[in-house]
Each structure stands twice: as C-alpha cells, then as structure tokens.
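Heads up: the structure comes next, in structure tokens.
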Amino acid sequence: MKSKNDYTTDQLLDENLKNKDGESNLEVRKRMTESILEILNNHQGKQIAIVSHGASIKYYLQNFCKYDKESELLIYNGKTVCHKKLGSPCIIKIIFKDNTTVKFEECIN
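Everything in the sequence shown is counted per the numbering used here, starting at 8 for the first residue and increasing by one.
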C-alpha cells in the first residue's frame with residue numbers, strides 16, 4: 008500500500024519504519040543521541056555546531072519534541088520548535104545545560 012506521505016514523514020510517524028538496508032527513526036535517534044552526548048561530555052562549556060542530514064535532525068528532535076502531523080511541526084513544551092514547516096536545510100539551536108535540553112531557539116529555513 009502506497010502512503011500519502013513522503014518517506015521522512017512516514018518515519019516521523021512510525022519510529023520503527025526502516026528503509027531497505029537503512030536505519031529506522033529509532034536507530035538514527037539512538038546513534039545521534041549517543042554521539043551528541045559524547046560531544047557534550049568532551050566539550051563542556053563550549054559552543055558546538057553539529058551538521059547532519061535534515062531527516063536525521065528531525066528524528067533526533069523527537070527525543071524532546073512531539074511531531075504534530077496536521078501542522079507538520081515539532082512541538083516542545085507546548086511551543087513549536089519552528090514556526091514554519093521544518094525544511095531542509097535549516098538551523099536549529101538547542102541549548103543544553105549539564106547534558107539536558109534547556110531550550111530551543113527558532114530554526115532558520
């Protein structure tokens with residue numbers, strides 16, 4: 008059965024959906040979380056830029072955000088991470104304190 012969504016959206020909705028020979032949303036999220044925590048631990052107090060594929064960033068953000076299918080936005084603590092549909096490329100600033108997410112600043116598409 009063919010989906011009405013693009014594949015990234017289908018993976019946002021189903022974290023176990025997997026490309027042939029690829030990773031699921033959940034696998035990408037686990038890998039990114041481990042890598043980002045290692046970076047944070049090794050560079051405490053520094054400003055860090057991490058560049059990644061747009062879909063991977065969207066999956067990682069699901070650690071903190073709820074995906075709203077209707078608006079196609081990721082919601083964090085009742086507020087949208089972006090005020091537009093999350094596009095690629097985009098910039099999302101995540102502020103961490105002691106390896107815990109403190110806040111997001113609006114993304115730039």
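Idealized CB from N, CA, C, for every residue including glycine. Only a predicted model underlies this, so the values are computations on that prediction, with no experimental measurement involved.
Counting every other CB atom within 10 Å of its CB across the protein chains shown gives Lys65 a total of 16 or more, marking it as buried. Contact between Tyr74 and Leu19 holds, since their C-beta atoms are separated by about 5 Å, short of 8 Å.
Ser78 carries a coil assignment under DSSP once its states are collapsed to helix, strand and coil. Counting other Cβ atoms within 10 Å of its Cβ, Leu44 stays below 16 and is therefore classed as exposed. Cβ atoms of Thr107 and Asn70 stay farther apart than 8 Å, at about 11 Å.
Taken through DSSP and simplified to helix, strand or coil, Lys27 comes out as coil.
In this structure, the CA atom of Ala56 is about 23 Å from the CA atom of Leu33.
The continuous alpha helix (DSSP H) containing Ile46 extends over residues Asn32 to Asn49. Listed in chain order, the non-local C-beta contacts of Thr15 below 6 Å within the same chain comprise Ala62, local neighbours out to five positions each way being set aside.
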